[in-house]
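Trainee: Protein chains in written order, with this note's numbering: chain A, 101 to 459; chain B, 530 to 602; chain C, 14 to 345. The beta-carbon is built from N, C-alpha and C at its ideal position, and this holds for glycine as well.
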Amino acid sequence: MSNAGTQKLLGAIRALGERPMTLMEVCGTHTMAIARSGLKTLLPENIRLLSGPGCPVCVTPAEVIDAVLELAMEKNVILASYGDMLRVPGSTPGDSLLRRRALGARVEIVYSPVDAVALAKENPGREVVFLGVGFETTAPGTAAAVLTAQEEGVKNFSVLSMLKTVEPALRTLIAMPGFRVEGFLCPGHVASITGEAGFCFLPEEYNLPGVIAGFGPEEILLAVYLLAKQITEGKPRLENAYRRAVRPEGNTLAQAMLKRCFVPRRDLWRGLGEIENSGLGLREELADFDAEKKFGLSAAPKARPTACRCGDVICGRIRPEDCPLFDRRCTPEDPVGPCMVSSEGACAAAYKYRGIENG
Amino acid sequence: MCLAVPLKLIAINGTTATGEAMGMTRQVRVDFIKNPQVGDYVMVHAGFAIERLPEGQALADLEAWEEMEAALE
Amino acid sequence: MDEIISLDYGSGGKKTARLIEKLILPRLDNPALRALGDGAILDGGEKLVFSTDSFVVNPLFFPGGDIGKLSVCGTVNDLSMCGAEPKYLSCSFIIEEGFPLSQLERIVESMAAQCQKAGVQIVTGDTKVVEKGRGDGVYINTAGIGILRHPGLGPETIRPGDRVIVSGFVGDHGTAVMLARNRMMQGEIASDCAALNGLTEAILSAAPGVRVLRDPTRGGVATTLNEFVEGTALGIELEEAEIPVRPQVQAACDMLGLDPLYCANEGKLLAVVAPEAEEAVLAAMHSHELGADAAVIGEVSSRYPGKLSLRTAFGGSRVLQKLSGAQLPRIC
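(1) Per DSSP, which residues does residue 155(C) bridge with? Please list them.
(2) If you reduce the DSSP assignment to three classes, tell me which class residue 103(A) lands in.
(3) Give a yes or no on whether 8 Å exceeds the smallest Cβ distance from residue 267(C) to chain A.
(4) Using the three-state DSSP reduction, which class does residue 25(C) fall into: helix, strand or coil?
(5) Cα-Cα, which of 144(A), 410(A), 250(A) and 375(A) is closest to residue 270(A)?
(6) Pull up the CB-CB distance for residue 103(C) and residue 153(C), whole angstroms please, since I reckon it's below 8 Å.
(7) Excluding the 5 residues preceding and the 5 following residue 450(A) in the sequence, name in chain order all residues of the same chain whose CB lies nearer than 8 Å to its CB.
(8) Can you look up residue 130(C) in the DSSP assignment and give me helix, strand or coil?
(9) What distance in whole Å lies between the Cβ atoms of residue 86(C) and residue 208(C), which are believed to be in contact at a cut-off of 8 Å?
(10) Using a Cβ-Cβ cutoff of less than 6 Å, which residues in the same chain neighbour residue 49(C) once the five nearest sequence positions on both sides are dropped?
(11) How is residue 459(A) classed by DSSP in three states: helix, strand or coil?
(12) Which residues, in order along the region 386 to 398 of chain A, keep a beta-carbon less than 9 Å from a beta-carbon of chain B?
(13) Measure the alpha-carbon distance for residue 544(B) versus residue 243(A) and round it to whole angstroms.
(14) So what does DSSP say about residue 78(C), is it helix, strand or coil?
(15) Applying the criterion that 16 or more other CB atoms from any shown protein chain within 10 Å of the CB defines a buried residue, is residue 82(C) buried or exposed?
(16) Hey, does residue 587(B) have any beta-carbon neighbour from chain A nearer than 8 Å?
(17) Going straight from the alpha carbon of residue 175(A) to that of residue 192(A), what length do you get?
(18) Tell me whether residue 224(C) sits in a helix, a strand or coil according to DSSP, three-state version.
(19) Could you tell me the alpha carbon to alpha carbon distance between residue 181(A) and residue 130(C), rounded to whole angstroms?
(20) Below 8 Å between beta carbons is the criterion; list the residues of the region 168 to 194 of chain C that meet it against any residue of chain A, in chain order.
(21) Spell out whether any CB of chain C is found under 8 Å from the CB atom of residue 453(A).
(22) Would a check of beta-carbon distances place residue 458(A) closer than 8 Å to chain B?
(23) Between the alpha carbons of residue 364(A) and residue 143(C), how many angstroms are there, rounded?
(24) Roughly how many whole angstroms lie between the Cα atoms of residue 344(A) and residue 292(A)?
(25) Apart from the five residues just before and just after residue 196(A), which ones in its own chain have a Cβ nearer than 8 Å to its Cβ?
(26) Taking residue 537(B) as part of the beta strand (DSSP E), name the residues at either end of that continuous run.
(27) If we cut at 8 Å on Cβ distances, does residue 553(B) have a partner in chain A?
(28) When DSSP labels each residue in this structure, what does residue 570(B) get in the three-state scheme?
(29) What residues from the region 231 to 258 of chain A come within 7 Å of chain B, judged by C-beta to C-beta, listed N to C?
(30) Under DSSP, the alpha helix (DSSP H) around residue 215(A) begins and ends at which residues?
(31) Going along chain C in order, which residues have a C-beta closer than 7 Å to the C-beta of residue 139(A)?
(32) Contact between the region 367 to 383 of chain A and the region 404 to 415 of chain A is defined here as three or more beta-carbon pairs at a separation below 8 Å; is this criterion met?
(33) Could you spell out the range, first to last residue, of the alpha helix (DSSP H) harbouring residue 254(A)?
(34) Quick check on residue 137(A): buried or exposed, where buried means 16 or more other Cβ atoms within 10 Å of its Cβ?
(35) Looking at chain C, which residues of the region 553 to 586 of chain B have a Cβ within less than 9 Å of any of its Cβ atoms?
(36) Measure from the C-beta of residue 207(A) to each C-beta in chain B and report whether the shortest distance is under 8 Å.
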């Protein structure tokens, strides 16, 4: 789409009027795409776009990271992880997988869970543990990798499943007192798996507009327009603005894989606390590949008390600057909550744009 | 967490394929694509194709443009 | 928490800067060192420029170059950026026990070829061997001396209205090396490793008004430009659409989860020049084989003091921070 197309869309958004409205995206990749394109700097002032808990890396709680860091120090273990996990902090400021690697832990960056299985084959004397982080987009591949390990008899491979699903988190947010978001940009690639069906609950149960959005800045802008239009018209429904990659029924093969390998369970989210049925645990029959069983780790550790106010920031109840930890205990280099862990989260962005008016 | 890239399948061997974009190639698992064919375009996330795409990026952009035009009626 | 040297300290970003500021400078303090330029401008009859760099790249051989080529070009370039004519290099090898002689030969041949091309000589050196497991094949340090030909360069001379020029495509080297390390991905991307002394001479002779030159190595274009303005009353604004990035490099970065603006370059330079010098400098660069794709990518202003900002291809704007630590491939 050309600049002319962008201008046309912006014009159409402005033509809807000046009614203030608050929208939310719930996908780390949307957060990144919006930040990289500077899209927010182009939106009219009446439209507020919040970043929800859309980054599964960033919502991995400190308590789980602590367990991962301990595991990393075991002489026999090789941790295989996506790059972004390396900087997520544990409970102690500055403690992360990157730091532990410097202290001797064997941590390998992989781009796919399949790479981790290959790593296990190449290191028969060691235990390879893959950090299974992600939402519905990533979970099917993680499951397929486990089945591959099973088929090929790779016994020194296991997954620590920190996989989560988006819907329960959205429901928790919506139920929070004072939650004022009027429309959701729905994550396009999660929707590739779940289908439009995965997000129909928004208009059907909560009367909330939802638009499934792609990842180019024009596609995100289109979704913003469609949401704004729905809000103005007062007829909430689920629209699919990413039809080339999202079918109404979703990816049935991937859905079948999810059912085959995972059970939903209670899970702990950094900044949001415990959410029922929001985590994906490996089924009993795959226990041999379940790092929790192999290493005696807890599925959802008890949440420790914290002064972190990410939940309020995510919902837009307070600004990052209002959090008592912002720029004191919590900085991009030493983050506490997901809003700062994510390099483009609400707090990280606020930190970066300090001193710039139209940031 | 949805960082994904569109790739063209240039070779397929069971559930493993080679995806290509701009001369760059990478291994892709196609477990979740029904009847994958050489020449198919797929969206790849963490080494797995999560959905088939309409042929070529040009068509995809065209669709996005058409969606926008339709939305602005 | 005890301080240890983690990977981030070597990435050229904030942590490296802090290490220099807090641990090294206080102990080794002197005016030449404190200026923290690419090379130190010294007195010894003629004004001399002295620079050093160590090379620990992995893998040792990659498309477009090798550790040897890098070690010569890196130091030649640092001297050139200071306005010096590079003359003499020293070279130290730290070799791991068991390293194949044939590979060392290839590396030294590569260094010889680069020295020829750049018109410099390696005049002194050292070799050490460490036990197996205590090195990464080979590490190389080179130090270089050049004669200062064009004094007065430095970021402190930058003024509002100055143009920011890049000598060509951005992100090639960092991407090529990441790709060379990745077994799951293949691609025809080569490092841009090259000696830039010919290009810098052409630029500095083209017109007065060249403020500063710097090669955006680790940390990339974004980190280097940040260094020019941080802590000052000036800012730099870039036009994303003007920054040349090869489509293959962009595709590789998309697949690897990297940003070309933060990837290392080993055969490119950034030049900040006065507006009246823009035309002559660009012409001089375009006539040189290493500057054929040079482009103006931004401007200096006092709008956002101390910050590097980008007007995106989409029409929005954002701030580009310095790289904090090593760039890690993303999935999110």
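Mentor: The relevant details are as follows:
(1) DSSP lists 66(C) and 104(C) as partners of residue 155(C).
(2) In the three-state DSSP reduction, residue 103(A) falls in the helix class (H, G or I).
(3) Cβ-Cβ to chain A under 8 Å: no for residue 267(C).
(4) It is coil, neither helix nor strand.
(5) The shortest Cα separation from residue 270(A) among 144(A), 410(A), 250(A) and 375(A) belongs to 375(A).
(6) 11 Å between Cβ atoms; not a contact.
(7) Exclusion of the five residues before and after residue 450(A) leaves 419, 420, 421 and 426 as the residues of its chain whose Cβ lies within less than 8 Å of its Cβ.
(8) Residue state, collapsed to three classes: helix.
(9) Taking 8 Å as the upper bound for CB-CB distance, residue 208(C) and residue 86(C) are in contact here, some 5 Å apart.
(10) For residue 49(C), same chain residues with a beta-carbon under 6 Å away, outside a window of 5 residues either side, do not exist.
(11) With a pLDDT of 39 at residue 459(A), under the threshold of 50, the modelled position of this residue cannot be trusted, and the question is left open.
(12) Listed by position, the residues of the region 386 to 398 of chain A near chain B (Cβ gap below 9 Å) amount to none.
(13) Spanning the two alpha carbons is a distance of roughly 14 Å.
(14) Note: residue 78(C) maps to strand in three-state DSSP.
(15) Buried, since its Cβ has 16 or more Cβ neighbours within 10 Å.
(16) Summary for residue 587(B): the model assigns pLDDT 48, below 50, so the residue's position carries little reliability, and this model does not support an answer.
(17) Answer to the nearest angstrom: the Cα atoms are 22 Å apart.
(18) In the structure shown, residue 224(C) adopts extended strand secondary structure according to DSSP, grouped into three states.
(19) Rounded to whole angstroms, residue 181(A) to residue 130(C) spans 43 Å at the Cα level.
(20) With the criterion set as a beta carbon lying under 8 Å from some beta carbon of chain A, the region 168 to 194 of chain C has no members that meet it.
(21) At least one CB atom of chain C sits nearer than 8 Å to the CB of residue 453(A).
(22) Only weak support is given to the placement of residue 458(A): the predicted model assigns it a pLDDT of 44, under 50, and the question is left unresolved by the model.
(23) In a straight line, the C-alpha of residue 364(A) is about 53 Å away from that of residue 143(C).
(24) When only Cα atoms are considered, residue 344(A) and residue 292(A) end up about 9 Å apart.
(25) Only 165, 169, 186, 187, 188, 189 and 190 meet the Cβ criterion.
(26) Residues 534 to 542.
(27) Residue-level contact check: residue 553(B) does not touch chain A, since none of the beta carbons of chain A fall below 8 Å from its beta carbon.
(28) In the three-state scheme derived from DSSP, where H, G and I count as helix and E and B as strand, residue 570(B) is classed as strand.
(29) Answer in chain order: 234, 235, 237, 238, 240, 241 and 244.
(30) For residue 215(A), the enclosing alpha helix (DSSP H) has its first and last residue at 213 to 222.
(31) Going along chain C in sequence order, the residues near residue 139(A) (Cβ under 7 Å) are 327 and 329.
(32) They touch, by the three-pair rule.
(33) Unbroken run through residue 254(A): none, as it is neither H nor E.
(34) By the 10 Å Cβ count, residue 137(A) comes out buried.
(35) Taking 9 Å as the Cβ-Cβ cut-off, the region 553 to 586 of chain B approaches chain C at 553, 554, 555, 556, 573, 574, 575 and 576, given in chain order.
(36) Closer than 8 Å to the CB of residue 207(A) there is not a single CB belonging to chain B.
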